[in-house]
Every structure is written in C-alpha cells, then in structure tokens.
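**Q** Can you read through this structure? Questions will come right after.
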Amino acid sequence: MICALSLTPSVAVRAAGPGDAEFFETRIRPVLADNCYACHTTSKMGGLQLTSKERAVRGGASGPAIRPGNSKGSLLIQVVAQTHDRLKMPPSGKLSDQQIQDLRAWVDAGAVWPETDDEALLAPDVKATEYVISPQQRGFWSYQPVDRPAPPAVRNAAWARTGVDRFVLARLEEAGVEPNERAGKRELIRRATLDLVGLPPTPQEVADFLADDSPEAFARVVDRLLASPHYGERWGRYWLDLARYADGKLGTAVDDPYANAFRYRDWVIEALNDDLPYDQFVRAQLAADLLPEPDRSKHLAALGFLALYPGGDDRVDVTTKTFLGLTVGCAQCHNHKYDPIPTKDFYSLQGIFSSSEVHEYPLAPEEEVQAWKDAKAAVDHQKAAINKFIEDQSASLRKILFTQTAEYMMATRSVIQGKAEPAQAAQAAGLDEEILGRWVRYLRDTQIEHPFLADWFAVNERGGSEEAVLAAAEAFERTVLAVDKEKEEIEDINYVRLGGAKGVADEKTRQYTNLEFLDLKKWYLWRDLAFNPYSPEGFKFDGGVFYFGTKKGFEVDRFLSGPWMAHLERMRAELKDLEDALPPQYPFIHGMRDKDKPEDLRVAIRGDKENLGEVAPRAFLHILCDSQPEPYKQGSGRLELANSIVSPSNPLTARVMVNRLWMGHFGVGLVETPSNYGQMGERPTHPALLDYLAGRFVDSGWSMKALHREIMLSSTYQSSIEHNEKSAAVDPENKLYWRANLVERLDAEALRDSMLAVAGTLDPAVGGPAQDFGEELHRRAVYGNVSRTQPDRSMALLDFPDPNATSEKRARTQGPMLRLFFMNNEFVIEQAQALAERVRQEAPDGETDRIRRAYELLYARPPSEAEIKLGLEYLAADESAWPRYAQALLASSEFRSVR
Amino acid sequence: MTRRDALKVMGAGFGSVGLARTLAANPMTQAPHFAPRAKNVIFLFLNGGLSQVDTFDPKPELQKRDGEPMPGPKIKTDRAAGSLMKSPFAFRKRGQSGIEVAEIFDKLGDAIDDFCVIRSCYSDNGNHGPSLMLMNCGHQLPGRPSLGSWVTYGLGTENQNLPGFVVLCPGYPVMGPVLWSSAFLPNSYQGAYIPNGESDPEKLLQNIRNHAMTADQQQRQLELLDKLDSHYLDRLGYQPQLEASIQSMEVAYRMQTEAPEVFDIAKESAATRERYGDTDFGRGCLMSLRLVEHGVRMVQVYYGNFQPWDSHDDILVHGKLARQVDGPIAALVADLKERGLFDETLLVIGSEFGRTPMIQNSGLEKIGKGRDHNVPGYTTLMAGGGIKGGITYGATDDFGFKAVENPVHPHDMHATMLHLLGLDHTKLTYRYSGRDFRLTDVAGNVIHDILA
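Order-wise, the sequence lines are chains Z and X. With the first letter of the first sequence counted as 1, position 320 gets the number 522 in this note's numbering; the numbers rise by one all the way through. With the first letter of the second sequence counted as 1, position 147 gets the number 150 in this note's numbering; the numbers rise by one all the way through.
Here it is as structure tokens:
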C-alpha cells in the first residue's frame, strides 16, 4: 500500500490502466514533455502541437498525429517506433521500448487526455498555421518599389553639376554645410585612375590631362579609363570577392587547383569590360545553361559562380546576399529572426540548387573529348592490369616467404648478436639480404603489438640453446602459416557474403556488409609480416617485412625472371606508349545543369535533415512576391529564379548593386551593410539618392559603366579631401559628403600592381590561366592563383579576403606587419631596384631630374624643393643608395594612399 | 634591446613623427569583463580525431563485449560500423586522483592530477571540415572569426612586438587558414600562421629580415621614410585618422630583432630541447612555451598536416602518435609550472571529434582494425589557470559512444575558455553586416563544475 502512493512509474503502471487519467499523467505526459514539447508547442514544428487531444488529432503538415483507439494507424506511434519511412522522432534518440509500449497502449485505450493547462504552453500569436508577413514588415524600406525621385532644388546651382550632386547638396544645405571645392587636376586623375583601373596614371596621362583645358577633359579621362581592359580586372575582382572565387578546392591536403576555374574569372572581367547589362550578368551566373543560343554558349563560364565552391552548401546564402542583400541563409533552421523570411523560403531556394548539379562543359569537339577519354581509359586500364599482375606475383611470393620465416629469424638473430654481417648471413642461409634487413629492423627496433613472438624473445633472452631458439622460430612460423590460412578462409567467407567480385568492387556494398575479421592480435601479426607498409609521419617502420607490391620501393621485380619479367616489362612499355599518346586534357567549363528529375525539398526542421517537415515548392521569396509565390515550373527553376531577381518589380537588385559601385568609389556605402538590406542592416544615409541611382541604373539598361560615369562626373566625387573646421564641426564623419574621403591604403591588388606599374615591370596581358603568386608573377594580381587552403601570405597580409565565404568589403589594415612587408619583402625590394633602374634610364640629367621623375611616376606630382633636398642628401651619402631610396618612396604612405 | 635603447638607435628623426603616433603593433591590452583566471591559452590540437576509448575514457564493458555488435537500436555513424572493438591499450589509475589513463599516455598520466578530463564532449557533424570549423570558429561553415581571433579581439595582447595569436603547423591541417581566420574582425586579430616544420626563425617569420642591406643602411632608409611621411602629412593638412594609422616604424624595427629570438628554440638548453624531442609537435610545444612567456595571448599547435589522428585503418597508430605527443605535453606542463606560467595559462588538448568504439567496416581487401569518426561523444583535456585539476567531468555511455552525463558542446567549451580569460561570452560581440555576432552564436554555457 505504501508503494501504491509512491510516484515511481513502475508502481504507477500497476495502479492505473492505460485508459486512466493517472496513466496519462504519470506515463504519457512526462514523455511528451521531455521529448516533444520543445518543438511541438509554441514552435509547432511541422504544424503539429501536442498540447491537447484535439490538437494531436488535428495533427500537422503530415496529417493527424493520433487516431484514438488505433495505435497502428497513428502517425505518432509510427514515428516514435521509427517504423515510418520518413519521420523518426524524437531527434535526440529513440524512446525506450517501455515508453513506446505505453504510448501505444494509451492510444489504443482511446488517448485519454484530461483538459488541463497544457494550452498555456501556447503563445497567443502562433495559432495560425500559415506564415504571415505583417503590414509593418511589408512596409520596410528596402522592399518598397524604387520610385524615381526628381533631384531636389538647390541654392548653389554652380556646384551641383549632376543629379547626384543635387541630392547631396540639398542635404548639405539643409545642414548648413558648405561642400569643398573641386580637387586639383593631379589629384583627380590619380584618384580616377586608381579607382577605375587600380593603377596610378602614367606621367604622360597626367600631362595630357593637365594640357586639356576643355570642360570635357575629366569626362574624357573617365571614358578612356572605362574603355581600358584593366577596368574589368579591377572591378571584376570586387565581384569575385562576393562570388567567393578561388582556383581550387577546400579541405584538400595540398592545394589542388582547378585548371579551368579561371574561365569564370575571365568571364567576369570580360563581362565588365563589355559592359554586359547587369540583369544579363545576373542571369548568366545563375542560369547560363538555360539561356537560348547564342547567349548560352557565350556565357556558360558564368556558372562558375555556383559551380566552383565545393559542396555548394552555401549557394542560397551567397546568392541572396550577393544579388538581393538578404540573409536567407539565416532561415535554414528557423524562420528568420528579424526579416520576413520563413524557413520554407530557404528550402524553396535550396530546392532549386539541389535540383541542379555541377557539370563540366567541354570546350573541344566531341571527337577530341571522346578521344581523350578513351586514351585515359586505356592508360587506367593498363595501370590496373599491371597492378593486378604485380599483386598476384607478390601474393605467391609472400606464400613462399612465409615458409622461410624461421630461417629469416635465425639469420636475423646472428646479425643482431653481431655474429655475422647481414650480407654474409643472408648468403649463408640463401636468403634475401634486403628482406633480412627488414627483419632486423622489425625484431630489433619495432615495438611489437601482438603476443606471438613472446616465446622467441624469452628464449633468446635467457640464452636458450640453439635448438630451443630454432624451435621457437619454427613454432612462430607455424603460427604465421596458420594465421595466413585463417585469413584466407575469412576472405573466402567475406567474398561470398559480399556477393562475389561485383560486391567486392563496390564501395557501398563493402561498407554496408557485416564482415568477418581476424582477431585483433592475429591481425597485427599478419600486418607486421605482410601488410602494405604505411608510415605515418615520423615512424621508421610499420609492418610488412614480407611485403612486396605496388608501393614504391617495394617492387617485386627482382624476384621475377624469364617469361614473368618479360611480360611485366612488355606491359610497362605498353603503358608508357599509352601515356605518351595521352594528350593534355581538353579544356572545359565548370558549369551547372538541371538534374533529370527536379525535386522540391521538405523543410528540415531545426536544420536537421533527418527530421523533415512540409514540402517547400521551388519558388521565389514570399516577401518579394505580392501574394503566395508562384512555384517554378521549368526544370530546376534556376532561370526563373534569375528572372525573379532581375524583375523590374524587385526593388532590391538595383539598389544593392548601385550601392556596391558607390561604395567602390567613396569607400563607404549609401547603405553601410552592402549585403544586408534587412531589419538588422543599416538604413540608407541618402534614400532618395539611392533610389534615384537605382532608377537611372535600370533605365540605362543596367549599364554599370554608365553608373560609374554618372557618379564620377559629379562634383561630389570630384571634391577635394581638404579639411574644413566649420563643416567638420557639423559633420565630423563626412556622412553628408562635404569632402572626398582619403583612401588611406590601397587594397592588395592595387598596391601590388601599382608597384609593378611604376617599376616598369608590369605584364599587362589580360586573361588566361592562374599563375602562382611570388616574385615571378608580374601580371596583375587578379591572375594570381587563389587557393582555398594555402593562401599567398603576402596577399593575406594585405587583407586579400578569405575566398571561402562571400565578402562584401575589404579591410585595409596598416600596422607593423605592413611596415615589415615594405621594409623586407623580396618582391618590394625587387620592384625598388627596377624602379631605380627605370628612373636612371628615363631621366639621364642627374639626380634632381631622377627624383622628379620618380615623384611623377609614383605620386603624379613634382616634388617640393624640400623633398628634392631630402632626396639629394640621402643619395649623396652613398653611391648605391638609389634602390633603397626608391624602396622608401614605395613604402611611403603617399604611395599607398589616394587623395 | 629595451624600448629606450631602440629609441636611441632610431635617432631623433623618428621621434619627431613616430612618437606622436600610436605605437601599437597589435591592439593594446584591453580590460576583460571581470577578473580573469588565465591570461594566455595554449591549444594543442590533435587533428584527425583522438579516440576517447583508447586514451582517457576507459570502458570495461567494451573490453568485455569485444567482437559483439553494439546493443540497442541501430545507431547512426558516418559509415556502417562493425562490432565493438576493445582497446588494445591497458588503462591504469594514475596520480592522487586515480584517473585512469591509457598506457600510451604514460608521462601525461604522471601529470594527470593537473588535468580536468572532460569525457562528455559532443559535436554536430561527422565530417572533419565542419567539425574543425565548429571547434575553432563556433560555426560549421567558413566566414566566422576563430577562437583565437575573438580572444585577441577581447583582450588585446601583452607584447606589442609579437602577434597576439600564433598558429603552428608544419603545413596545413584540413581546411587550412579558415581555422584561424579573423573573418569579419579586423585582420590584426587573424592567427599569425607559422610553418613550424622549419626551426630557423628567419625562415619561420615573414619579412623579418632584410637581405639586401646592412642594419645601418636600413636605419638610414627608415629615417628617410619617416621624413617622407612627414612631408606627406604636411601636404595633406589635417588628417588625424591617417596620422593615427601610420604606425610607428620603431615597432616594426624592433620586431626584427625580438621576434626571431622568441621563436628561436635554440635559445633553450639542450636538456630542455631533448625533453620535447625533435619532432614538429615537440618543437611546437616548446615554441608555444616561449611564446606565452613573451606575452603572446594564444598559441595553437596542430599536431601535423592534414589529419594524422584519423586512424580509420588501424587504431594502433594511435599508440605511436600518443607516444610522440606524450613527452612534449608532460614537458610543457612541467615547464609552465617551473616558469610560473601554469596558473596563468589555459592548456587545452583535444580534437574535432572522437572515434567509434566499434571497428570500422573497411571491407574485404583491406581488413583493418580502425575506428571511424565519433561525434556523439569524445574527450578533451584542460589544465592550468582556473581549471580544477585531477577531476573528470561528464561521462559517455557504457561503450564510450555517446555523452550521456553533462554533455559539453564546443559552444560550452568556448564559453568556458572565454570565462577563464575574464570574458563573458554573451558580451563579447562584434557588429557586422547589421548583426551582433558572438563566438558562441546564441548558445554556450560556462561549465562551472570544472573551475577551480
């Protein structure tokens, strides 16, 4: 009786039948509370709430959870018993058999569920089953249509040359801040040239600009620069930051470059140089394979945007951040915490990418591709045949050697005891000297991890008689032969179990068949004697005293003779012929294509791929559709997605891109979070200007070059960096653009390329395969090999972004590491020497002339008298000081900054 | 060379501008959120996956049921798992605490009273890459700052002439530099990667020595450079930001002499070097000692390139690996103590996940005796500043498969490490792309039970 009052479940089950309320309270509710409530109350994962009988019967996306009286037909029971083919609950691990049995009994007894306060678990706002976007959310600034505001009226009409200026000036006038005058012509051309092509202007270009007095002079400079092939190299690289471009794979032991990755990089550069309209630029990168000809062939390489990142798990994240400024990746495990993006949206987009696959598009005629594949197959086939032959011969050799185990041991003993030299001992016993060497290392130096040699060592240690020692060796030999026989038998069993040769060859069958194994200790014995020796770093010797085979240094050749050796040699000669005949692999494009059967994904509840909820039809984002998103119907839906992204009704795409270009010119964005236009992103500092530019961008036919021009011809862009106390007092951070921003340090590529340019060592060739960084790379940095695993250390030091994640902004750190780079780096020293030599040749009229030339080359200005004097004094002290002087000029903050 | 000497060497030309600017090579020391228990971190990473059941988590039941299938419902592992396989290594109670340690960690066993053995670690992903990312950056995909970056961001560094966060590996572990990336934190918090396959410090350190000129010539050149910059600043007029960001040449100049000395293990006695052994890992441990001694905030030593502890084919390889790290780890503990650093240094030894108690089913052709990746349960060791030594924390099930008592996620590990350094993991945030980011995302609990 005392027990009956106890609350221990084992007793309660006797006290209450499954149809009693007490049974529910003691045996059912606690199980639900511990295992189900976390997701099936307020969170209502899969639409299911287990808070009352009524709700449980109503169920969720997969139907009713319980059918009172029918445990077999109850989804809840199937799911917890894990007999359901798709749903298995709870995610933390299967319930105990007792708990499952209780649940079953409870359902069969009618699922008694007393009315209780479980409803209190539900927050009032989650009762609706559809994800609802509130009017406030819809009203958020970035989702509003781009209106095309007219530039406002301003007082200082002389300063405001362009629409951009009127938006900027209106705000300045409102704040009572006077904008700066135009920068000097030398500063302007240096600023424009570094901005657009990432190189300083040549002295000739500066002189031409100074000599051009027409009002169109600067526009002509801008047009010339936009027409330069170097424009695409500079601005294409920024795009590659967003596209997390690299030339190789991630997660490999050594860098494993893709020989053809550069085709995407070159496509980006070319697209920018051709001023490919941005809508087409977007469409190509997401769906070039689905475009009609001739665009399809022309833009196929653009698919590198999706294809080059290994695994491709981040495609939704990168695509939405890059094109839309939305962080849809945050909605993978739960509805977006801040923005109106349900988890379903994530899987709608993910379904598009999972219905697509990486595909190599050959850039050679089909016959050439086939010829290469055939030739490659022939090489592989021949290699396999050789390996098979070697393995067969090695196996029969091993069987022979096993029977000589005792002889080898005795010979080894005499060597270890110093009674005989290895050569002598081998010869005396008719053994192989090299194998004997392995035995010596094995018995003398190796820590032996099986017990079968214990007797042998014991006999030796106690100085046993020759006969006793021999007996121990022979006993060991018998063990070896027995273990080898046992292993053969096990392999026979496994062979049958795997279903013969076919199963053995199949990785998956091998992994999922339960196989027999040798006992561990016996395995170590066999491994020591015959296994392929593997030597993890730092180990001298690891098994395989009798091993011969395909491993380098363990060739079976010297044991072969007569027809065997002749056969092997003939096969090798044939292989060599085949290899010589194998042409280099045909070039191809890393692209994408649709899978044969595109498929919608189910929402992975809390990101768990084992726990799937409702189907998420492939479609665009809810927030960017007026009503329910229309499911995509063509193949994977990639082209439809691209069209949705560049649709005139989508306000984000143009806003995001004009801001990226603005940020490239001013160092700050109109939106300071260029890849996040959501609730947690920054609001635009000049919303009307942003929309004005977005409208102009679309109206110009999405021309990026027109946008650069529009921005650069403004007074806003052309102002000086001059400090002004009065303006700074009102707007110290220059949020209103009363002056230009000083660029304190060029980014990695511009800095490196500028050094080459002024030293006269730049190779201006455009496009082509990647080359390793290092002193030898004299091409522009955009052509350097970008490794996901082994980044170039100098480029990393200069804040080249990590290519494993999309990157929206460059860091520009200064600091002593940068100083050390300029002080000591070989590349810098070499460019300084080249610069000194260049100046010597180009300015033959003495030191002053040379100093002037260097200043024109590096800083686009003549030196002051004081600077000339400083240089002359430095150079006078030492004949060979020019390279060191040139290095100081390169290391100066003026060279790496832009005003 | 003291700082005053350096100033003298650099001469007056430097003083005029140089002194006016900030001297910081690295962000200066910053105040922690509360009183720290440790100042520095040494993280020894046994990359590839340290088997818990063969090292620090003995399982008698596993020994008993060798060769039997794992009881219970079918469990999820990366590949099909075979039967249970007992450990080939013997365990023995060690130290005052009597914590059982496998024979292959004999010397570490002697020092076990200094360690807290966390036996209930678990992770989220069975592949090396994502789990390495989680353990190092708190997130499975690239794009988040590493632990070391957060630590130096939070605390700055003690020695302005050395990087605050140093990573040692002869080549690269799987994933490579994303494991010590500063991601969106400023680049100065990125781990300074030093390929310690070299022992010549001039080859270890980037741009540390000039081979094109003498020291006198360089000194003159730097004086010239300082004047060039002065002229430029005059020309620009008022540009306080640039002025502040043009860092002093003095620091860089001194780094050239100081940094190579600190990295030079030849400065240690032959006897000391012998105790660490002439392996990459041994040299790495000794270097980490010297680095924290000289005020480096965090040092991470990867055992080796790629993933040497990934014993799929043969768990006996663990024996060889362990015997190679055992001595250096014990030597490091002893030397940290002798040099008075043990109480202010947090020592962590671990890997991205553990290994299955079951044999890995590797097939007919290659009958091996290895173990697969084990994510639900593995072991990490902690010692030093603020850690309760000589205890175990948490437990796995009878077979060492799954953490069943006090499970510890990498987020919890990170929260605890930051806590010991005086940082509240919920307050150590950085605003990027419109959001406050944390190392521990929205999770992580400090494990108070292991704190001294």
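The beta-carbon is built from N, C-alpha and C at its ideal position, and this holds for glycine as well.
#1: With DSSP collapsed to three states, give me the class of residue 659 (chain Z).
#2: Measure the C-alpha to C-alpha separation of residue 283 (chain Z) and residue 264 (chain Z) and round it to an integer number of angstroms.
#3: Have a look at residue 375 (chain X) and residue 314 (chain X) and give me their C-alpha separation to the nearest angstrom.
#4: Would you check if the distance between the CB atom of residue 136 (chain X) and the CB atom of residue 452 (chain Z) is smaller than 8 Å?
#5: Do residue 425 (chain X) and residue 38 (chain X) count as a contact pair if the criterion is CB distance below 8 Å?
#6: For a minimum of 3 consecutive residues, which ranges assigned as the beta strand (DSSP E) are wholly contained in the region 96-145 of chain X?
#7: At a Cβ threshold of 8 Å, is residue 303 (chain X) touching chain Z?
#8: Can you check the region 791-851 of chain Z for any beta strand (DSSP E) of at least 3 residues that lies completely inside it and give the ranges in chain order?
#9: Give a yes or no on whether the minimum CB-CB distance between residue 899 (chain Z) and chain X is below 8 Å.
#10: Here's a check: name, in chain order, each residue in its chain whose Cβ is nearer than 8 Å to the Cβ of residue 375 (chain Z), leaving out the five neighbours to either side.
#11: Could you tell me which of X:405, X:408, X:440 and X:451 sits nearest to residue 420 (chain X), measuring between CA atoms?
#12: Please report how far the alpha carbon of residue 447 (chain X) lies from the alpha carbon of residue 687 (chain Z), in whole angstroms.
#13: Figure out for me which residue from X:196, X:146, X:147 and X:186 has the closest Cα to the Cα of residue 167 (chain X).
#14: At the level of alpha carbons, what is the spacing between residue 761 (chain Z) and residue 772 (chain Z)?
#15: Smallest Cα separation from residue 657 (chain Z): which of Z:639, Z:642 and Z:681?
#16: What is the DSSP secondary structure of residue 176 (chain X), counted as helix, strand or coil?
#17: Report the rounded CA-to-CA distance for residue 619 (chain Z) versus residue 645 (chain Z), giving the unit in angstroms.
#18: Please list, in chain order, the chain X residues whose beta carbon lies closer than 9 Å to that of residue 800 (chain Z).
#19: Within a Cβ cutoff of 6 Å, which residues of the same chain sit near residue 307 (chain Z), ignoring the five residues on either side of it in sequence?
#20: Between residue 617 (chain Z) and residue 674 (chain Z), what straight-line distance do the alpha-carbon atoms span, to the nearest angstrom?
#21: Under the DSSP definition of a beta bridge, which residues are partnered with residue 406 (chain X)?
#22: Less than 8 Å separating the beta-carbons of residue 848 (chain Z) and residue 530 (chain Z)?
#23: So, helix, strand or coil for residue 25 (chain X), using DSSP?
#24: What does a CB cutoff of less than 6 Å around residue 407 (chain Z) pick up in its chain, not counting 5 residues either side in sequence?
#25: Give the single residue among Z:333, Z:253 and Z:590 whose Cα lies nearest to the Cα of residue 315 (chain Z).
#26: Where does the unbroken beta strand (DSSP E) through residue 562 (chain Z) begin, and where does it stop?
#27: So, under 8 Å CB-CB, residue 559 (chain Z) and residue 797 (chain Z) are touching, yes? Tell me the CB distance rounded to an integer number of Å.
#28: Please report the Cβ distance between residue 679 (chain Z) and residue 608 (chain Z), rounded to the nearest whole angstrom; I am assuming they are in contact, meaning their Cβ atoms lie under 8 Å.
#29: My guess is that residue 382 (chain X) and residue 141 (chain X) are in contact by the Cβ rule of under 8 Å, so how many angstroms apart are they, rounded?
#30: Using a Cβ-Cβ cutoff of less than 6 Å, which residues in the same chain neighbour residue 299 (chain X) once the five nearest sequence positions on both sides are dropped?
#31: Step through the CB atoms of chain Z and report whether any lies within less than 8 Å of the CB of residue 357 (chain X).
#32: Run down chain X in chain order and give the residues with a C-beta less than 9 Å from the C-beta of residue 1086 (chain Z).
#33: Measure from the alpha carbon of residue 291 (chain Z) to the alpha carbon of each residue in Z:278, Z:301, Z:299 and Z:300, then state which is nearest.
#34: From residue 649 (chain Z) to residue 445 (chain Z), what distance separates their C-alpha atoms?
#35: Identify the continuous alpha helix (DSSP H) that holds residue 917 (chain Z) and give its terminal residues.
#36: Tell me, please, whether the CB atom of residue 1023 (chain Z) is closer than 8 Å to any CB atom in chain X?
**A** In short, the structure shows the following:
#1: The residue you call residue 659 (chain Z) lines up with position 457 of the first sequence. The DSSP-derived three-state label of residue 659 (chain Z) is helix.
#2: One-based indexing of the first sequence puts residue 283 (chain Z) at position 81. One-based indexing of the first sequence puts residue 264 (chain Z) at position 62. Within the model, the alpha-carbon separation for residue 283 (chain Z) versus residue 264 (chain Z) is close to 16 Å.
#3: Along the second sequence, read from residue 1 onward, the residue named residue 375 (chain X) stands at position 372. Along the second sequence, read from residue 1 onward, the residue named residue 314 (chain X) stands at position 311. Cα to Cα, residue 375 (chain X) sits roughly 8 Å from residue 314 (chain X).
#4: What you label residue 136 (chain X) is simply residue 133 of the second sequence in a count that begins at 1. What you label residue 452 (chain Z) is simply residue 250 of the first sequence in a count that begins at 1. Contact: no.
#5: The sequence position of residue 38 (chain X) within the second sequence is 35, counting from 1. The sequence position of residue 425 (chain X) within the second sequence is 422, counting from 1. In this structure, residue 38 (chain X) lies near residue 425 (chain X), with their beta-carbon atoms less than 8 Å apart.
#6: With a minimum length of 3 residues, the continuous beta strand (DSSP E) runs that stay inside the region 96-145 of chain X are 102-105 and 118-124.
#7: As a first step, residue 303 (chain X) is located in the second sequence; it is residue number 300 there, counting from the start. Answer no: the Cβ-Cβ gap between residue 303 (chain X) and chain Z never drops below 8 Å.
#8: Fully enclosed beta strand (DSSP E) runs of 3 or longer: 803-806 and 814-818.
#9: The count along the first sequence starts at 1 and reaches residue 899 (chain Z) at position 697. Not a single CB atom of chain X sits nearer than 8 Å to the CB of residue 899 (chain Z).
#10: Numbered from 1 along the first sequence, position 173 holds the residue referred to as residue 375 (chain Z). In the same chain as residue 375 (chain Z), and ignoring 5 residues on each side of it, the C-beta atoms closer than 8 Å to its own belong to 356, 357 and 358, in chain order.
#11: Walking along the second sequence from the start, residue 420 (chain X) turns up at place 417. A check of alpha carbon separations from residue 420 (chain X) across X:405, X:408, X:440 and X:451 identifies X:451 as the nearest.
#12: Within the second sequence, residue 447 (chain X) is the residue found at index 444, counting from 1. Within the first sequence, residue 687 (chain Z) is the residue found at index 485, counting from 1. Cα to Cα, residue 447 (chain X) sits roughly 55 Å from residue 687 (chain Z).
#13: Counting from one through the second sequence, the residue named residue 167 (chain X) turns up at place 164. Just measuring C-alpha positions, the residue of X:196, X:146, X:147 and X:186 sitting nearest residue 167 (chain X) is X:196.
#14: On the first sequence, position 559 is the one that residue 761 (chain Z) refers to. On the first sequence, position 570 is the one that residue 772 (chain Z) refers to. Cα-Cα distance, rounded: 17 Å.
#15: Within the first sequence, numbered from 1, the residue matching residue 657 (chain Z) stands at position 455. For the residues Z:639, Z:642 and Z:681, the minimum Cα distance to residue 657 (chain Z) belongs to Z:681.
#16: Numbered from its first residue, the second sequence carries residue 176 (chain X) at position 173. Here residue 176 (chain X) sits in strand by DSSP.
#17: On the first sequence, residue 619 (chain Z) is found 417 positions in, with the first residue counted as 1. On the first sequence, residue 645 (chain Z) is found 443 positions in, with the first residue counted as 1. Roughly 12 Å separates the two Cα atoms.
#18: The sequence position of residue 800 (chain Z) within the first sequence is 598, counting from 1. Within chain X, no residue comes near residue 800 (chain Z); the closest Cβ sits about 25 Å away, beyond 9 Å.
#19: Indexing the first sequence from 1 puts residue 307 (chain Z) at position 105. Closer than 6 Å at Cβ, skipping near neighbours: 220.
#20: Position 415 of the first sequence, counted from the first residue, corresponds to residue 617 (chain Z). Position 472 of the first sequence, counted from the first residue, corresponds to residue 674 (chain Z). CA-CA distance, residue 617 (chain Z) to residue 674 (chain Z), rounds to 18 Å.
#21: The count along the second sequence starts at 1 and reaches residue 406 (chain X) at position 403. Answer is X:399.
#22: Position 646 of the first sequence, counted from the first residue, corresponds to residue 848 (chain Z). Position 328 of the first sequence, counted from the first residue, corresponds to residue 530 (chain Z). The answer is no: Cβ separation not under 8 Å.
#23: Sequence index remark: in the second sequence, residue 25 (chain X) carries index 22 (1-based). Because the pLDDT of residue 25 (chain X) is 31, which lies under 50, any placement of that residue in the model is unreliable, and the number read from its coordinates should be weighed accordingly. Of the three classes helix, strand and coil, the one that applies to residue 25 (chain X) here is coil, per DSSP.
#24: Residue 407 (chain Z) sits at position 205 when you count from the first residue of the first sequence. By the criterion of a C-beta distance shorter than 6 Å, residue 407 (chain Z) is surrounded by no residue of its chain, once the five residues flanking it on both sides are discounted.
#25: As a first step, residue 315 (chain Z) must be located in the first sequence, where it is residue number 113. Z:253 is the residue among Z:333, Z:253 and Z:590 whose C-alpha sits nearest the C-alpha of residue 315 (chain Z).
#26: Translated into the one-based positions of the first sequence, residue 562 (chain Z) becomes position 360. Unbroken beta strand (DSSP E) run through residue 562 (chain Z): 558-564.
#27: Taking the first sequence and counting its residues from 1, the one referred to as residue 559 (chain Z) is at position 357. Taking the first sequence and counting its residues from 1, the one referred to as residue 797 (chain Z) is at position 595. Contact annotation, residue 559 (chain Z) with residue 797 (chain Z): C-beta distance approximately 5 Å; criterion of less than 8 Å satisfied.
#28: Here residue 679 (chain Z) refers to the residue found at position 477 of the first sequence. Here residue 608 (chain Z) refers to the residue found at position 406 of the first sequence. Contact holds; Cβ gap of about 4 Å.
#29: The residue given as residue 382 (chain X) occupies position 379 in the second sequence. The residue given as residue 141 (chain X) occupies position 138 in the second sequence. That belief does not hold up - the Cβ atoms of residue 382 (chain X) and residue 141 (chain X) are roughly 20 Å apart, past 8 Å.
#30: The residue labelled residue 299 (chain X) in the question sits at position 296 within the second sequence. Hits under 6 Å: 165 and 169.
#31: Here residue 357 (chain X) refers to the residue found at position 354 when the second sequence is read from its first residue. For residue 357 (chain X), not one C-beta of chain Z is nearer than 8 Å to its own C-beta.
#32: Looking up residue 1086 (chain Z) in the first sequence gives position 884. 215, 216, 220, 221, 223, 224 and 227, listed in chain order.
#33: Indexing the first sequence from 1 puts residue 291 (chain Z) at position 89. Taking residue 291 (chain Z) as reference, the option from Z:278, Z:301, Z:299 and Z:300 with the minimal CA-CA separation is Z:278.
#34: Here residue 649 (chain Z) is taken as the residue at index 447 of the first sequence, counted from 1. Here residue 445 (chain Z) is taken as the residue at index 243 of the first sequence, counted from 1. Our two residues, residue 649 (chain Z) and residue 445 (chain Z), have alpha carbons roughly 52 Å apart in a direct line.
#35: Within the first sequence, residue 917 (chain Z) is the residue found at index 715, counting from 1. 917-920 is the extent of the alpha helix (DSSP H) around residue 917 (chain Z).
#36: Taking the first residue of the first sequence as 1, we reach residue 1023 (chain Z) at position 821. For residue 1023 (chain Z), a Cβ of chain X is located within less than 8 Å of the residue's own Cβ.
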